[in-house]
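One structure is given here, and the rest of the page talks about it.
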Amino acid sequence: MNKTICIFEDSKFKNFLPLTYFRPVYDLRCGILTIAEKIKKYSQTSNIILHSRKYLANYLREDKKSYKVNNYDECRLLPSAEIINTLLLEGDDEIFTNNNKVIAARLSNENISKLIGNNKDVLSDFSMLSCKQTELEAYLFEYPWHLIQKNGEEISNDIKLISPKITDNNFEGVHLINKENIFIGNNVNIKPNVVLDASDGPIFIEDEVTIFPNTYIVGSAYIGKKSLVKANTQIYQDTSIGPVCKVGGEIENSIIHSYSNKQHEGFLGHAYLGSWINIGASSNNSDLKNDYSKIKVILNGEEVDTGTNFMGLIMGDHSKCAINTAFNTGTVIGVSCNIYGSGFPPKYVPSFSWGGAEGLREYHLRKAIEVAKIVKSRRNISMSVNDLELFKFVFDLTQAERK
């Protein structure tokens with residue numbers, strides 16, 4: 002029987018804002034793959050439907066052409082072979098929970114229609130379904146820092162899932178430590194005096210990556226397709242650089258989703274950057290407080306204790322900062338912000354803001370779109386009608402934050 006998997010998100014997507022203004026939670030990267038990509042790999046099926054918030058649907062139809070969207074799994078679930086295999090077993094309708102939270106369900110068309118009809122943008126209320134409930138061992142992402150904390154482990158898991166080939170790896174003047182744990186794609190250009198150290202975890206470098214001289218990369222690490230690593234870069238353990246990024250300076254235990262630049266000197270640690278971001282030269286984030294206390298982050302207008310001593314910067318899509326910008330521990334920058342000036346900017350900067358420590362003002366929508374068009378054109382990508390509609394919707398959606 003050809004089964005259909007529907008990947009959805011629940012109301013907890015708000016915990017991942019601003020990263021989830023321009024994408025569903027299941028499109029966040031952890032390790033090498035996004036959550037949706039992991040589910041697709043584990044299930045080994047192409048018959049997948051993405052259920053999304055309505056305002057994201059047209060954008061997803063354009064961006065994720067291999068998936069159906071909202072024709073009708075849990076998005077915060079960290080997938081594993083065991084969980085996906087359980088879902089794909091033949092059987093009666095069944096809801097799977099973890100600590101009384103619904104993480105997935107195996108449903109008939111009748112119950113799917115009932116579920117969709119009683120929920121709006123997200124699927125959170127399963128109470129109308131009279132199904133057997135089964136508790137499963139699972140890991141749920143609750144906040145962005147959980148993605149960061151799991152990143153190194155998921156790089157290793159994703160490499161096992163993808164099973165990349167170990168190529169010849171004969172690059173002149175390049176030092177490979179624990180060579181059998183280093184995976185390098187096609188048309189990769191690695192200059193002399195680069196050290197790839199896979200002693201403590203694997204390193205996966207995808208196709209068409211260029212790495213300049215005097216760079217040191219420690220596993221677990223992932224460098225995505227067509228990315229550029231500048232000279233004298235240090236990439237420390239548990240770091241994922243998505244496709245078409247430019248990176249430099251010092252990066253540790255961080256995730257850069259895709260199409261973003263942090264290519265100059267400066268430190269980025271325990272951070273999550275979205276897409277189309279630019280970090281100015283010599284900018285740094287703090288990821289550890291001087292008194293070694295637990296770090297608190299402002300999300301949805303509330304202060305949340307991360308429960309960890311290490312937490313750096315969370316920055317939403319299309320945001321930028323000027324040279325020499327300094328971010329405090331646990332700073333959250335919304336989407337399409339322009340941060341500049343001396344001193345630390347606020348620990349929470351609303352989306353579409355312009356300014357820094359001395360004050361913030363609204364970043365005009367017209368100007369934000371103009372800049373986004375220029376940035377995308379530099380990667381030979383046009384801004385579509387759906388992109389424009391998404392910008393306008395998120396601008397209106399976040400207006401209350403700026404007030």
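For the sequence shown, our numbering gives the first residue as 2, with consecutive numbering after it. Don't be surprised by glycine CBs; every beta carbon is placed ideally from N, CA and C.
| query | What does a CB cutoff of less than 7 Å around Met316 pick up in its chain, not counting 5 residues either side in sequence? | reply | Leu274, Gly275, Ile278, Ile334
| request: Mind checking who Tyr341 pairs with in its DSSP beta bridge? | output: For Tyr341, which the question treats as bridged, DSSP gives no partner whatsoever.
| said: Just list the residues that DSSP pairs Ala327 with in beta bridges. | reply: Asn285
| query | Tyr27: buried (16+ other C-beta within 10 angstroms of its C-beta) or exposed? | reply | buried
| request: Rounded to whole angstroms, what's the CA-CA distance from Glu209 to Arg367? Just pull it up for me. | output: 35 Å
| query | For the putative contact between Thr216 and Asn233, defined by C-beta atoms under 8 Å, what is the C-beta separation to the nearest angstrom? | reply | 7 Å
| Coarse secondary structure for Arg362, derived from DSSP in three states | strand
| said: Runs of 4 residues minimum, wholly inside the stretch 48-87: which ones carry the alpha helix (DSSP H) assignment? | reply: 55-64
| Which stretch, first to last residue, makes up the beta strand (DSSP E) that contains Asp306? | 303-306
| task | Taking only the alpha-carbon atoms, compute the straight-line gap between Pro244 and Gly270 and give it to the nearest angstrom. | result | 19 Å
| said: Assuming Gln1 is part of the alpha helix (DSSP H), what are its boundary residues? | reply: Beyond the ends of the chain as shown, which are 2 and 404, falls residue 1; an answer cannot be given.
| First through last residue of the alpha helix (DSSP H) which encompasses Leu162 | 145-163
| field | Endpoints, the alpha helix (DSSP H) within which Tyr43 is located | value | 36-44
| request: Take Gly342 as the anchor and find which of Gly360, Val336, Pro351 has the nearest alpha-carbon. | output: Gly360
| Backbone CA spacing between Val189 and Asp198 [nearest angstrom] | 17 Å
| When the distance is taken between beta carbons, is Lys263 closer than 8 Å to Val248? | yes
| request: Starting from Ser354, follow its DSSP beta bridges and name the residues at the other end. | output: Glu363
| query | With 16 as the cutoff for other CB atoms within 10 Å, does Ser294 come out buried or exposed? | reply | exposed
| task | From the DSSP output, in three-state form, read off Phe172 for me. | result | coil
| request: Out of Pro214, Asp201, Phe213, state which residue places its alpha-carbon closest to the alpha-carbon of Thr240. | output: Asp201
| message | Please tell me whether Gly307 and Phe353 are closer than 8 Å, where the distance is taken between their beta carbons. | response | In the sequence on display, residue 307 carries Thr and not Gly. Not closer than 8 Å, so no.
| message | Looking only at its chain, what residues have a beta carbon closer than 7 Å to the beta carbon of Asp122, apart from the 5 residues adjacent to it on each side? | response | Arg54, Lys55
| If you compare alpha carbons, which of Thr135, Gly174, Pro165 is closest to Phe205? | Pro165
| field | As assigned by DSSP and simplified to three states, the class of Ile370 | value | helix
| Which residue from Lys393, Pro351, Ala358 puts its Cα closest to that of Ile405? | Past the boundaries of the shown model lies residue 405; the chain is included only from 2 to 404, so the question cannot be answered.
| request: Give every residue of the same chain whose Cβ lies closer than 7 Å to the Cβ of Tyr364, excluding the five residues on either side of it in the sequence, and list them in chain order. | output: Ser337, Cys338, Asn339, Phe353, Ser354, Trp355
| query | Taking the DSSP output, what are the residues bridged to Thr234? | reply | Answer by DSSP bridge pairing: none, since Thr234 is not bridged.
| request: Output the distance between the C-alpha atoms of Tyr140 and Lys290, rounded to the nearest integer angstrom. | output: 28 Å
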